[in-house]
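For the sequence shown, my numbering gives the first residue as 2, with consecutive numbering after it. For glycine and all other residues, C-beta sits at the position ideal for the given N, C-alpha and C. Structure first, commentary second.
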Amino acid sequence: MNPGADPGARLRASLRGLDDPPSLPGWNHAELADLLGASERTPAAVLVPLVQRGARRSLLFTRRNDGLRTHAGQVAFPGGRIESDDADAVAAALRETEEETGIARGLVRPLGFLDCFETISGFGVTPVVAEVSADYVLAPDPREVAEVFEVPLPFLLDTANLRRSEIDWRGRRREIYEYDYEGRRIWGATAAMLVNLLRRMQAMP
2 MNPGADPGAR LRASLRGLDD PPSLPGWNHA ELADLLGASE RTPAAVLVPL
52 VQRGARRSLL FTRRNDGLRT HAGQVAFPGG RIESDDADAV AAALRETEEE
102 TGIARGLVRP LGFLDCFETI SGFGVTPVVA EVSADYVLAP DPREVAEVFE
152 VPLPFLLDTA NLRRSEIDWR GRRREIYEYD YEGRRIWGAT AAMLVNLLRR
202 MQAMP
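Written as C-alpha coordinates, this is what we have:
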(Lines of atoms letter the chains of each structure in order from A and count residues from 1; the text may use other names and numbers.)
(Lines give C-alpha, C1' and ligand atoms only; values in the text may rest on other atoms or scores of the structure.)
Protein backbone atom coordinates (compact mmCIF):
# COMPACT_ATOMS: atom_id res chain seq x y z
CA MET A 1 0.00 0.00 0.00
CA ASN A 2 1.42 3.37 -0.99
CA PRO A 3 2.06 5.15 2.36
CA GLY A 4 1.64 8.54 0.74
CA ALA A 5 -1.83 7.84 -0.59
CA ASP A 6 -4.98 9.18 1.05
CA PRO A 7 -6.19 6.20 3.14
CA GLY A 8 -9.81 7.29 3.00
CA ALA A 9 -9.75 7.52 -0.78
CA ARG A 10 -7.94 4.18 -1.06
CA LEU A 11 -10.49 2.58 1.23
CA ARG A 12 -13.39 3.75 -0.89
CA ALA A 13 -11.66 2.69 -4.10
CA SER A 14 -11.00 -0.81 -2.73
CA LEU A 15 -14.67 -1.64 -2.12
CA ARG A 16 -16.99 -3.73 -4.22
CA GLY A 17 -19.58 -1.42 -5.76
CA LEU A 18 -23.15 -1.23 -4.50
CA ASP A 19 -24.16 -2.81 -7.82
CA ASP A 20 -21.78 -5.72 -7.18
CA PRO A 21 -22.78 -7.28 -3.83
CA PRO A 22 -20.66 -10.22 -2.69
CA SER A 23 -22.02 -13.72 -2.37
CA LEU A 24 -21.09 -16.84 -0.44
CA PRO A 25 -18.84 -18.70 0.04
CA GLY A 26 -16.96 -16.25 2.22
CA TRP A 27 -13.31 -15.41 1.71
CA ASN A 28 -12.49 -17.53 4.78
CA HIS A 29 -14.62 -20.52 3.71
CA ALA A 30 -11.71 -22.96 3.52
CA GLU A 31 -10.79 -22.27 7.14
CA LEU A 32 -14.25 -23.35 8.38
CA ALA A 33 -15.18 -26.07 5.90
CA ASP A 34 -14.08 -28.82 8.29
CA LEU A 35 -16.24 -27.35 11.08
CA LEU A 36 -19.38 -26.27 9.24
CA GLY A 37 -19.32 -28.51 6.18
CA ALA A 38 -21.85 -27.70 3.49
CA SER A 39 -24.57 -26.55 5.87
CA GLU A 40 -26.48 -23.46 4.79
CA ARG A 41 -25.18 -20.22 6.32
CA THR A 42 -27.65 -17.84 7.94
CA PRO A 43 -27.58 -14.50 6.05
CA ALA A 44 -26.43 -11.53 8.12
CA ALA A 45 -25.08 -8.03 7.50
CA VAL A 46 -22.97 -5.54 9.42
CA LEU A 47 -22.26 -1.88 8.86
CA VAL A 48 -18.62 -0.81 8.70
CA PRO A 49 -19.19 2.88 9.56
CA LEU A 50 -16.64 5.42 8.32
CA VAL A 51 -16.81 8.81 10.05
CA GLN A 52 -14.98 11.77 8.52
CA ARG A 53 -14.33 15.09 10.24
CA GLY A 54 -12.14 17.18 7.98
CA ALA A 55 -8.92 15.24 7.45
CA ARG A 56 -9.63 12.95 10.42
CA ARG A 57 -11.24 9.61 9.64
CA SER A 58 -12.30 6.86 11.98
CA LEU A 59 -14.37 3.69 12.12
CA LEU A 60 -17.24 3.31 14.56
CA PHE A 61 -17.70 0.23 16.74
CA THR A 62 -20.06 -1.00 19.43
CA ARG A 63 -19.26 -2.93 22.58
CA ARG A 64 -21.93 -5.47 23.36
CA ASN A 65 -23.73 -5.54 26.69
CA ASP A 66 -22.00 -7.72 29.28
CA GLY A 67 -25.29 -9.44 30.11
CA LEU A 68 -25.96 -10.89 26.66
CA ARG A 69 -26.04 -14.65 26.27
CA THR A 70 -23.70 -14.67 23.28
CA HIS A 71 -20.64 -12.55 22.53
CA ALA A 72 -21.11 -10.59 25.75
CA GLY A 73 -18.76 -7.64 26.08
CA GLN A 74 -17.25 -8.10 22.64
CA VAL A 75 -16.46 -5.26 20.27
CA ALA A 76 -18.40 -5.49 17.01
CA PHE A 77 -19.69 -3.59 14.04
CA PRO A 78 -23.44 -2.89 14.32
CA GLY A 79 -25.47 -5.51 12.49
CA GLY A 80 -27.23 -8.84 12.66
CA ARG A 81 -29.41 -11.33 10.87
CA ILE A 82 -31.04 -10.33 7.57
CA GLU A 83 -34.77 -10.53 8.22
CA SER A 84 -37.43 -11.52 5.68
CA ASP A 85 -38.71 -7.94 5.37
CA ASP A 86 -35.23 -6.48 4.70
CA ALA A 87 -34.86 -5.65 1.02
CA ASP A 88 -31.20 -6.64 1.02
CA ALA A 89 -27.99 -6.62 3.08
CA VAL A 90 -27.76 -2.83 2.93
CA ALA A 91 -31.28 -2.45 4.33
CA ALA A 92 -30.51 -4.94 7.10
CA ALA A 93 -27.26 -3.19 8.06
CA LEU A 94 -28.99 0.22 8.19
CA ARG A 95 -31.89 -1.15 10.25
CA GLU A 96 -29.65 -2.93 12.74
CA THR A 97 -27.41 0.12 13.09
CA GLU A 98 -30.37 2.34 13.88
CA GLU A 99 -31.80 -0.17 16.34
CA GLU A 100 -28.50 -0.72 18.15
CA THR A 101 -26.99 2.77 18.19
CA GLY A 102 -29.84 5.17 17.42
CA ILE A 103 -27.99 6.58 14.39
CA ALA A 104 -30.72 7.51 11.91
CA ARG A 105 -30.37 5.77 8.56
CA GLY A 106 -30.73 9.15 6.86
CA LEU A 107 -27.29 10.04 8.23
CA VAL A 108 -25.68 6.96 6.66
CA ARG A 109 -24.51 6.80 3.05
CA PRO A 110 -23.57 3.30 1.83
CA LEU A 111 -20.35 3.23 -0.19
CA GLY A 112 -19.82 -0.42 -1.09
CA PHE A 113 -19.06 -3.90 0.20
CA LEU A 114 -16.25 -5.99 1.57
CA ASP A 115 -16.19 -9.72 0.80
CA CYS A 116 -18.57 -12.08 2.58
CA PHE A 117 -17.30 -13.61 5.81
CA GLU A 118 -18.39 -16.88 7.43
CA THR A 119 -18.53 -17.19 11.21
CA ILE A 120 -18.01 -20.23 13.38
CA SER A 121 -21.62 -19.83 14.53
CA GLY A 122 -22.86 -20.48 10.99
CA PHE A 123 -23.59 -16.98 9.70
CA GLY A 124 -22.68 -15.67 6.27
CA VAL A 125 -21.99 -11.98 6.87
CA THR A 126 -22.07 -9.23 4.24
CA PRO A 127 -20.07 -6.18 5.43
CA VAL A 128 -21.53 -2.90 4.15
CA VAL A 129 -19.09 0.01 4.30
CA ALA A 130 -20.81 3.36 4.71
CA GLU A 131 -20.05 6.96 5.54
CA VAL A 132 -21.78 8.23 8.67
CA SER A 133 -22.39 11.95 9.09
CA ALA A 134 -20.02 13.42 11.68
CA ASP A 135 -22.94 15.08 13.48
CA TYR A 136 -24.64 11.77 14.27
CA VAL A 137 -26.52 11.51 17.56
CA LEU A 138 -26.33 8.33 19.62
CA ALA A 139 -29.17 6.62 21.46
CA PRO A 140 -27.78 3.11 22.10
CA ASP A 141 -30.14 0.28 23.01
CA PRO A 142 -28.93 -0.59 26.54
CA ARG A 143 -30.21 -4.14 26.19
CA GLU A 144 -27.63 -4.79 23.46
CA VAL A 145 -24.99 -2.07 23.48
CA ALA A 146 -22.81 -0.95 26.38
CA GLU A 147 -20.72 1.55 24.43
CA VAL A 148 -20.28 3.13 21.01
CA PHE A 149 -16.81 4.45 20.18
CA GLU A 150 -14.54 5.40 17.29
CA VAL A 151 -11.06 4.22 16.36
CA PRO A 152 -8.85 6.32 14.05
CA LEU A 153 -8.61 4.77 10.61
CA PRO A 154 -4.79 5.14 10.41
CA PHE A 155 -4.47 3.03 13.58
CA LEU A 156 -6.45 0.19 12.00
CA LEU A 157 -4.58 0.40 8.70
CA ASP A 158 -1.17 0.21 10.41
CA THR A 159 -0.24 -3.49 10.33
CA ALA A 160 2.06 -2.92 13.31
CA ASN A 161 -1.12 -2.66 15.42
CA LEU A 162 -2.54 -5.96 14.13
CA ARG A 163 -1.66 -9.08 16.12
CA ARG A 164 -2.01 -12.69 15.03
CA SER A 165 -2.30 -15.61 17.40
CA GLU A 166 -3.60 -19.16 17.49
CA ILE A 167 -6.29 -20.75 19.63
CA ASP A 168 -7.61 -24.29 20.05
CA TRP A 169 -11.16 -24.54 18.75
CA ARG A 170 -12.90 -27.93 18.70
CA GLY A 171 -9.61 -29.73 18.51
CA ARG A 172 -8.08 -27.59 15.76
CA ARG A 173 -5.60 -24.76 15.80
CA ARG A 174 -7.18 -21.57 14.47
CA GLU A 175 -5.52 -18.28 13.62
CA ILE A 176 -7.21 -15.19 15.01
CA TYR A 177 -6.55 -11.49 14.53
CA GLU A 178 -6.85 -8.74 17.09
CA TYR A 179 -6.20 -5.08 17.82
CA ASP A 180 -5.89 -3.44 21.23
CA TYR A 181 -7.06 0.17 21.21
CA GLU A 182 -7.09 2.08 24.48
CA GLY A 183 -7.82 -1.08 26.42
CA ARG A 184 -10.52 -2.29 24.03
CA ARG A 185 -9.91 -5.63 22.38
CA ILE A 186 -11.10 -5.84 18.78
CA TRP A 187 -10.87 -9.46 17.68
CA GLY A 188 -12.69 -12.41 16.11
CA ALA A 189 -14.96 -11.77 13.15
CA THR A 190 -14.71 -7.98 13.50
CA ALA A 191 -10.91 -7.97 13.27
CA ALA A 192 -11.05 -10.49 10.42
CA MET A 193 -13.28 -8.15 8.40
CA LEU A 194 -10.71 -5.40 8.96
CA VAL A 195 -8.04 -7.79 7.64
CA ASN A 196 -10.16 -8.30 4.52
CA LEU A 197 -10.28 -4.51 4.12
CA LEU A 198 -6.50 -4.29 4.51
CA ARG A 199 -5.95 -7.01 1.93
CA ARG A 200 -8.27 -5.37 -0.56
CA MET A 201 -6.47 -2.05 -0.11
CA GLN A 202 -3.03 -3.67 -0.40
CA ALA A 203 -4.07 -5.40 -3.64
CA MET A 204 -4.64 -2.06 -5.32
CA PRO A 205 -1.93 -0.64 -7.59
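Name the residue from the options whose alpha carbon lies nearest to the alpha carbon of residue i.
i	options	result
Glu-97	Gly-113, Pro-128, Arg-175, Ser-122	Pro-128
Pro-26	Gln-75, Met-194, Phe-118, Pro-141	Phe-118
Arg-17	Glu-32, Phe-150, Leu-115	Leu-115
Quick check on DSSP: helix, strand or coil for residue i?
i	result
Arg-201	helix
Met-2	Low per-residue confidence applies at Met-2: pLDDT is 46, beneath 50, and the placement is therefore not dependable enough to give any value.
Glu-119	strand
Gly-113	strand
Phe-62	strand
Pro-8	helix
Pro-22	coil
Glu-167	strand
Note down, in chain order, each residue of its chain lying with its Cβ closer than 7 Å to the Cβ of residue i, except the 5 sequence neighbours on either side.
i	result
Ala-105	Glu-99
With a CB to CB cut of under 8 Å and the five nearest residues on each side skipped, what residues in its chain are close to residue i?
i	result
Glu-167	Arg-174, Arg-175, Glu-176, Ile-177
Arg-164	Tyr-178, Glu-179, Tyr-180, Asp-181
Leu-154	Pro-8, Gly-9, Leu-12, Leu-51, Arg-58, Ser-59, Leu-60
Val-126	Gly-27, Ala-45, Ala-46, Val-47, Gly-80, Cys-117, Phe-118, Glu-119, Thr-120, Ala-190, Met-194
Pro-23	Arg-17, Phe-114, Leu-115, Asp-116, Cys-117, Thr-127
Check for me: the beta strand (DSSP E) holding residue i runs from which residue to which?
i	result
Leu-48	43-54
Asp-181	173-182
Val-91	Careful: Val-91 lies outside any beta strand (DSSP E), inside the alpha helix (DSSP H) at 90-102.
Gly-125	124-133
Phe-150	146-153
Ile-187	185-188
Arg-17	Where Arg-17 is concerned, there is no enclosing beta strand (DSSP E), given that its DSSP letter is neither H nor E.
Could you give the residue range of the alpha helix (DSSP H) that holds residue i?
i	result
Ala-39	Counting along the chain, Ala-39 falls outside any alpha helix (DSSP H), and DSSP gives it neither H nor E.
Inset, instruction - Could you tell me whether the stretch 46-54 touches the stretch 77-91, where touching means 3 or more Cβ pairs closer than 8 Å? - result: Put simply, the stretch 46-54 touches the stretch 77-91. At least three CB pairs are less than 8 Å apart.
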